[in-house]
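*Asks:* Pasting a structure here, questions to come.
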Amino acid sequence: MLPESRIVSLYSDFRKLKELNPEGYHANIQVWKHHLIEDVWKDQLVIQGGDDLLLKLNRSNSGFPKSIDIVIDLLVDEGVLIPMDVFTKGRDSGLSSWFRWSVNMLVDLSWKSRISNNGKYLCNMAYVNLPVMVSRYEATAKVLQEKVLSRATRVTDLIFKKSDFYVLIEECLRGKSEFELILIFLQHYKSTILVDGPVIKVIDPHVFSLVQSFGPDRITENDRAIADIKGAIQTVETQVQKLHIHIHEISRHLRDSINASVSKELQRRYLKLRKLTESNLSRALTQLFNLMEIKDHIDKSVDNLALVGVLSGASKTLKNINKQLGSIEDLEKLLSDVTEQNEVVDEVNFLLSTSVQSNDVDLDQELQQMENEMKQEHYYEKKLLSRLSNLNVRDDEIIIPSNEAQGEGTQEKKTAKYDTDINYTLNNPEQA
2 MLPESRIVSL YSDFRKLKEL NPEGYHANIQ VWKHHLIEDV WKDQLVIQGG
52 DDLLLKLNRS NSGFPKSIDI VIDLLVDEGV LIPMDVFTKG RDSGLSSWFR
102 WSVNMLVDLS WKSRISNNGK YLCNMAYVNL PVMVSRYEAT AKVLQEKVLS
152 RATRVTDLIF KKSDFYVLIE ECLRGKSEFE LILIFLQHYK STILVDGPVI
202 KVIDPHVFSL VQSFGPDRIT ENDRAIADIK GAIQTVETQV QKLHIHIHEI
252 SRHLRDSINA SVSKELQRRY LKLRKLTESN LSRALTQLFN LMEIKDHIDK
302 SVDNLALVGV LSGASKTLKN INKQLGSIED LEKLLSDVTE QNEVVDEVNF
352 LLSTSVQSND VDLDQELQQM ENEMKQEHYY EKKLLSRLSN LNVRDDEIII
402 PSNEAQGEGT QEKKTAKYDT DINYTLNNPE QA
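Just so you know, we're using my numbering here: the sequence shown kicks off at 2 and counts up by one.
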């Protein structure tokens, strides 16, 4: 809702505030933008400008807003609103965009919704609400992914009559009036489908491999024939469902008439009507079978064509690879060279291993000699330790020193005696 404190300013001609009071000017624009998008146009795909909008915004005390064109023009420049005639033409090509930019340097090409300064001053133009369109597209894309893209195995799964396609995405729209607009958006803005008259072909990148051999940039005559067959199948299937229901209802009335003991004439008419409906159902089922058989043959032909394309590509790939491999003679010579080199490697390995074995014998002899010497040293050491442990010292050889000088002399005598015994043992290990 609009704030009551700003109603007077919002409904006045505040264009002059752009120079006199820029803050107030931009504040009015922001309030109007929020009110239009969140309140007036909420979840509305097509916006009616001009007299309809002025009447919708009209207030008994203030009349209609005198500067709402400023807000509309800004929303168009920002891409929130797209004039209907611009939207239906699709996106500009790179050349036309460059041309518009060049001309815009000389002439102001920005959108102008005001056509006069008095009375009902807005041009009667419809606009597409782009945020709502994006929301519709996201819902539609989800349905296509679940019901078409994830299930498609051949190009016939991607071709539809326009009426059947509407039934497919009907849940995403707010009425049939939005259908043509979402088709334009899918074709010209998202490159998801192709539309030509009553035929629609899905060309989403996720299934491009299925359509790349069947005119991915146009609707072909084969596409039209496939769409006609699928449309006929859909029509006959609907008829079969209705006939089943009709037979069930007639049978119920027939049973009720028998239970109620009504006249035989009425019962016979119910029975005749059921037989007639059953006959129609039989004929419809025959037609459905014939159409399904034709579609099955088309599907098989499409599969065969795709398989031929795959085999053709595989054949070309094999030829290219074999060409890179060279001739049979070259391969035989290569294998002969490999065998010869392998024999050389085996001979070298044999020679190297023989040399290593010779060296190993010398090393083993040296290691054995070192081991014997270490064992002999260990034996002598053990015998020496045993000799030392068996040495006895008599009590008369132990001299207790009476003073420091005596202790030193006696200690020298005792040490000399022990050194003599140890030296003798070390120098004569065998006798020890």
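Every residue, glycine too, gets a C-beta built ideally from N, C-alpha and C.
#1: Among the candidates 212, 121, 76 and 293, whose CA atom is the shortest distance from the CA of residue 56?
#2: Only counting the same chain, and skipping five residues up and downstream in sequence, which positions put a Cβ closer than 6 Å to that of residue 333?
#3: What separation, rounded to the nearest whole angstrom, lies between the Cα atoms of residue 366 and residue 325?
#4: Measuring straight from C-alpha to C-alpha, what distance separates residue 287 and residue 293?
#5: Identify which residue in 61, 20, 139 and 68 has its Cα closest to the Cα of residue 32.
#6: Mapping DSSP to helix, strand and coil, what is residue 128?
#7: Taking 8 Å as the threshold (C-beta atoms), are residue 204 and residue 194 in contact?
#8: State yes or no: is the C-beta of residue 131 within less than 8 Å of the C-beta of residue 80?
#9: If I measure Cβ to Cβ from residue 170 and keep anything under 6 Å in the same chain, skipping five residues before and after, which residues do I get?
#10: Just how far apart, CA to CA, sit residue 23 and residue 224?
#11: For residue 9, which residues in the same chain have their Cβ closer than 6 Å to its Cβ, ignoring the five residues on either side in sequence?
#12: Jot down the residue ranges of each uninterrupted beta strand (DSSP E) in the region 368-394, minimum 3 residues, whole runs only, in chain order.
#13: Decide yes or no for the touch test of the region 246-257 against the region 219-237: beta carbon pairs closer than 8 Å, at least 3 of them.
#14: Since residue 290 is in the alpha helix (DSSP H), which residue starts that stretch and which ends it?
#15: Tell me which residues share the same chain as residue 217 and place their Cβ nearer than 8 Å to its Cβ, disregarding the 5 neighbours each side in the sequence.
#16: So, with DSSP's three-state summary, where would you put residue 84?
#17: What three-state label does DSSP hand residue 220 in the structure shown?
#18: By alpha-carbon positions, which one of 20, 291 and 36 ends up nearest to residue 7?
#19: Would you say residue 41 and residue 85 are within 8 Å of each other, going by their C-beta atoms?
#20: For the alpha helix (DSSP H) that contains residue 168, what are its first and last residues?
#21: For residue 304 and residue 175, I'd like the C-alpha separation in whole angstroms.
#22: Just the Cα atoms here: how many angstroms apart are residue 137 and residue 244?
#23: Mark residue 20 as exposed unless 16 or more other C-beta atoms lie within 10 angstroms of its C-beta, in which case mark it buried.
#24: State yes or no: is the C-beta of residue 231 within less than 8 Å of the C-beta of residue 160?
#25: Within a Cβ cutoff of 8 Å, which residues of the same chain sit near residue 13, ignoring the five residues on either side of it in sequence?
#26: How many angstroms separate the CA atom of residue 89 from the CA atom of residue 30?
#27: If contacts are defined as beta-carbon pairs under 8 Å, then residue 91 and residue 190 qualify, I think. What distance do you get, rounded to the angstrom?
#28: How should residue 327 be labelled, buried or exposed, when 16 other C-beta atoms within 10 angstroms of its C-beta is the threshold for buried?
#29: Can you have a look at residue 166 and say buried or exposed, based on whether 16 or more other CB atoms are within 10 angstroms of its CB?
#30: By how many angstroms is the C-alpha of residue 49 removed from the C-alpha of residue 71?
#31: Answer with buried or exposed for residue 4, where buried requires no fewer than 16 other C-beta atoms within 10 angstroms of its C-beta.
#32: Look at the alpha carbon of residue 258 and the alpha carbon of residue 272, and state the distance between them as a whole number of angstroms.
#33: Taking residue 57 as part of the alpha helix (DSSP H), name the residues at either end of that continuous run.
#34: Sorted by chain position, which residues of the same chain lie with C-beta nearer than 8 Å to residue 179's C-beta, five sequence neighbours on each side aside?
#35: If I follow the unbroken alpha helix (DSSP H) through residue 123, where does it start and stop?
#36: Where does residue 162 land, buried or exposed, given buried means 16+ other C-beta within 10 angstroms?
*Replies:* From the atom records:
#1: Along the sequence shown, read from residue 1 onward, the residue named residue 56 stands at position 55. For the residues 212, 121, 76 and 293, the minimum Cα distance to residue 56 belongs to 121.
#2: Stepping through the sequence shown from its first residue, residue 333 is reached at position 332. Listed in chain order, the non-local C-beta contacts of residue 333 below 6 Å within the same chain number zero, local neighbours out to five positions each way being set aside.
#3: Residue 366 sits at position 365 when you count from the first residue of the sequence shown. Residue 325 sits at position 324 when you count from the first residue of the sequence shown. Between residue 366 and residue 325, the C-alpha separation is close to 58 Å.
#4: Along the sequence shown, read from residue 1 onward, the residue named residue 287 stands at position 286. Along the sequence shown, read from residue 1 onward, the residue named residue 293 stands at position 292. When rounded, the distance between both Cα atoms is 10 Å.
#5: For the purposes of this step, residue 32 is taken as residue 31 along the sequence shown, with counting starting at 1. Put simply, of 61, 20, 139 and 68 the residue whose alpha carbon is nearest the alpha carbon of residue 32 is 68.
#6: Position 127 of the sequence shown, counting from 1, holds the residue named residue 128. Residue 128: strand per DSSP, three-state reduction.
#7: Within the sequence shown, numbered from 1, the residue matching residue 194 stands at position 193. Within the sequence shown, numbered from 1, the residue matching residue 204 stands at position 203. Contact: yes.
#8: Translated into the one-based positions of the sequence shown, residue 131 becomes position 130. Translated into the one-based positions of the sequence shown, residue 80 becomes position 79. In contact: residue 131 and residue 80 (Cβ atoms closer than 8 Å).
#9: Stepping through the sequence shown from its first residue, residue 170 is reached at position 169. The answer, listed in chain order, is 141 and 144.
#10: Mapped onto the sequence shown, residue 23 falls at position 22. Mapped onto the sequence shown, residue 224 falls at position 223. If you take the alpha carbons of residue 23 and residue 224, they lie about 58 Å apart.
#11: Translated into positions along the sequence shown, residue 9 becomes position 8. Excluding positions up to five away in sequence, the list is empty.
#12: Taking only runs of at least 3 residues, no beta strand (DSSP E) segment lies wholly in the region 368-394.
#13: Contact between the region 246-257 and the region 219-237 is absent, because fewer than three Cβ pairs lie under 8 Å.
#14: Start at 1 with the first residue of the sequence shown, and residue 290 comes out as number 289. Unbroken alpha helix (DSSP H) run through residue 290: 265-326.
#15: Your numbering for residue 217 matches position 216 in the sequence shown. Hits under 8 Å: 204 and 209.
#16: Within the sequence shown, numbered from 1, the residue matching residue 84 stands at position 83. In the three-state reduction of the DSSP assignment, residue 84 falls in the strand class, which pools E and B.
#17: Along the sequence shown, read from residue 1 onward, the residue named residue 220 stands at position 219. Coil, per DSSP.
#18: Locating residue 7 in the sequence shown gives position 6, where the first residue counts as 1. Closest in C-alpha terms to residue 7, from the list 20, 291 and 36, comes 36.
#19: Looking up residue 41 in the sequence shown gives position 40. Looking up residue 85 in the sequence shown gives position 84. Not a contact, by the Cβ cut-off of 8 Å.
#20: As a position in the sequence shown, residue 168 is number 167, starting the count at 1. DSSP places residue 168 in the uninterrupted alpha helix (DSSP H) bounded by 163-170.
#21: For the purposes of this step, residue 304 is identified with residue 303 of the sequence shown, where counting begins at 1. For the purposes of this step, residue 175 is identified with residue 174 of the sequence shown, where counting begins at 1. Taken atom to atom, the span from the alpha-carbon of residue 304 to that of residue 175 is near 38 Å.
#22: For the purposes of this step, residue 137 is taken as the residue at position 136 of the sequence shown. For the purposes of this step, residue 244 is taken as the residue at position 243 of the sequence shown. So the alpha carbons of these two residues sit roughly 36 Å apart.
#23: Numbered from its first residue, the sequence shown carries residue 20 at position 19. Note on residue 20: under 16 other CB atoms within 10 angstroms of its CB, so exposed under the neighbour-count rule.
#24: The count along the sequence shown starts at 1 and reaches residue 231 at position 230. The count along the sequence shown starts at 1 and reaches residue 160 at position 159. Contact: yes.
#25: What you label residue 13 is simply residue 12 of the sequence shown in a count that begins at 1. Apart from the 5 residues on each side of it in sequence, residue 13 sits with its Cβ closer than 8 Å to the Cβ of 67 and 68 in its chain, given in chain order.
#26: Position 88 of the sequence shown, counted from the first residue, corresponds to residue 89. Position 29 of the sequence shown, counted from the first residue, corresponds to residue 30. For residue 89 and residue 30, the distance between alpha carbons rounds to 28 Å.
#27: Taking the first residue of the sequence shown as position 1, residue 91 is located at position 90. Taking the first residue of the sequence shown as position 1, residue 190 is located at position 189. Confirmed, Cβ separation roughly 7 Å.
#28: On the sequence shown, residue 327 is found 326 positions in, with the first residue counted as 1. Residue 327 counts as exposed, since fewer than 16 other C-beta atoms from the protein chains shown sit within 10 angstroms of its C-beta.
#29: Taking the first residue of the sequence shown as 1, we reach residue 166 at position 165. So residue 166 ends up on the buried side.
#30: Taking the first residue of the sequence shown as 1, we reach residue 71 at position 70. Taking the first residue of the sequence shown as 1, we reach residue 49 at position 48. Straight-line Cα distance between these residues: approximately 16 Å.
#31: The residue you call residue 4 lines up with position 3 of the sequence shown. So residue 4 counts as exposed.
#32: If you number the sequence shown from 1, residue 258 lands on position 257. If you number the sequence shown from 1, residue 272 lands on position 271. The alpha-carbon atoms of residue 258 and residue 272 are separated by roughly 11 Å.
#33: On the sequence shown, position 56 is the one that residue 57 refers to. Element bounds for residue 57: 52-58.
#34: Here the question's residue 179 lines up with position 178 in the sequence shown. Excluding residues within five positions, the ones whose Cβ falls inside 8 Å are 46, 47 and 137.
#35: Position 122 of the sequence shown, counted from the first residue, corresponds to residue 123. Counting along the chain, residue 123 falls outside any alpha helix (DSSP H), and DSSP gives it neither H nor E.
#36: The count along the sequence shown starts at 1 and reaches residue 162 at position 161. Buried, since its Cβ has 16 or more Cβ neighbours within 10 Å.
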